[in-house]
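Residue 3 is where the sequence shown starts when you use this note's numbering, and the numbers rise one by one after that. Heads up, the beta-carbon is just placed ideally off N, CA and C, and yes, glycines get one too. Given the structure is predicted, the values throughout are model-derived calculations rather than measurements. Okay, so here's the structure we're looking at.
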Amino acid sequence: MEHRVIVTADDFGACDYIDNGIKEAIKKGVVSCVSAFINFEPRKSSHPYGKYQGSVKAIQQLLHEVQTSPEYARNRKIRVGLHFNFHAGTPVFPFENKIRSLLLNKRVDGKRIFKNIEKFNPDKVVEREFIKELHAQYSKFFNRLGFAPDHFSSHFPVIFMTPHFFDLVCELAKPLKIPIRNPFLIWQTKNDSKNSANRDALSEAKKFFKKKSKTKEIGLKRAIKMIDTLDDTLLSSWKNKNIRSLKKHGIPFPDYTNCHLYGNGTDAAAADNIMNHLLSFHPEVYKKQASRPVVTEVITHVGLGRINPAKIPNGIDPSYFTGRKEELSLVGSSPVLRKRKLYSYKEVFA
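Right, here's the structure in full:
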């Protein structure tokens, strides 16, 4: 049974540090997809977050370099998906008063900003406001770049984990025939269930699923930070609803998705062991998928260069910026990835 692997670099289009790391990973041939923000506008040097060309120009420049620079000769087929964003920077939808449930009162350079993940509560988001921003981000991507996204994903998976909002994403994707990331089915290393971080994540996630708003927010804040260690059986109710939604709308999606943060103290040997586990054959799974290839998506978070912590946009976690550089080193040199043929969503699901 064939096993096809997608390796996606998340968070392109927010700042040069992340963009440069992703470009380096593409040059090394260990990334086949980029999941890009579209909502970051050009910034002048006087902006609180520092100078930046903006998401659209950054994507255009990347695609131009990939096609013309000899540095990208081994990876000319890179694809760009839309990384829906409701937690970082400012919204695309132009009328702030019509999407208030998504925003803080705080302004940066005159514009209201999205609620950080710690402040975000799905129960308080107004559906029509979510739809406005969702469609505005897709329209900007398509109209400014001139092509449809390779896939849909989400910055922090809380929107994709919430069945009601996830179904709205599916309704947008269906007529466009755009694949969607699967945020639930996560391969784990053998000892994850015994890991103390995993136990903490499970404990906090249980609080999150209670109806009391305070414990819900506390649980969300901590559980999201450790989402790569969560046992998907805990999320079975939401997972099943979301999988049904994908199937109802006929939307293709990977069988497995992994979001391990390799920069959190992982050494090269451990990284290779994790990769081998992720990409190895699992007969009990392959038997169920006999009619088609099994698809695994590996998500990376990389960075390269110097960064001023004071210049990081809101909603982009500053605590992992050193980790991004370490992750680039580990993933970029991974013999497991370098030996495999990597696919984009479009290639897998064409």
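Check, Outcome
"Contact the region 64–72 vs the region 21–36: 3+ CB pairs below 8 Å", "yes"
"Residue from Lys-313, Tyr-264 and Glu-349 whose Cα sits closest to the Cα of Ser-335", "Tyr-264"
"Residue environment, Lys-227, which counts as buried when at least 16 other CB atoms sit within 10 Å", "With a pLDDT of only 49 at Lys-227, under the threshold of 50, the placement of this residue in the model should not be trusted; the figure read from the coordinates follows. Classification of Lys-227: buried, given that the 10 Å Cβ count is 16 or more."
"Candidates Glu-328, Ser-156 and Ile-182: closest to Asp-269 by CA position", "Glu-328"
"Alpha-carbon to alpha-carbon, His-166 and Asn-275", "37 Å"
"Whole-number beta carbon distance between Ile-61 and Val-304, since they are thought to touch under 8 Å", "In fact, because the Cβ distance is near 17 Å, the residues do not count as touching under 8 Å."
"Proximity to Pro-50 [Cα-Cα], best of Asp-21, Glu-120 and Gly-112", "Gly-112"
"Neighbourhood of Pro-181 by C-beta, 7 Å cutoff - its chain only, sequence neighbours within 5 removed", "His-153, Ile-253, Pro-254, Phe-255, Tyr-347 and Phe-351"
"Proximal residues to Ala-411 (C-beta, below 7 Å), its chain only, five neighbours per side dropped", "This structure does not reach residue 411, given that the chain is present from 3 up to 352, and the question cannot be answered."
"Exposure label - Thr-10; buried when at least 16 CB within 10 Å", "buried"
"For Phe-95, three-class secondary structure by DSSP", "coil"
"Extent of the continuous alpha helix (DSSP H) to which Lys-117 belongs", "Note, Lys-117: premise wrong, no alpha helix (DSSP H); not H, not E."
"Minimum C-alpha distance to Trp-240 - residue among Thr-164, Leu-280 and His-85", "Thr-164"
"Glu-131 vs Ile-101 beta-carbon contact at 7 Å", "yes"
"Pro-96 versus Lys-126, Lys-59, Gln-139 and Leu-84, residue with shortest Cα-Cα distance", "Gln-139"
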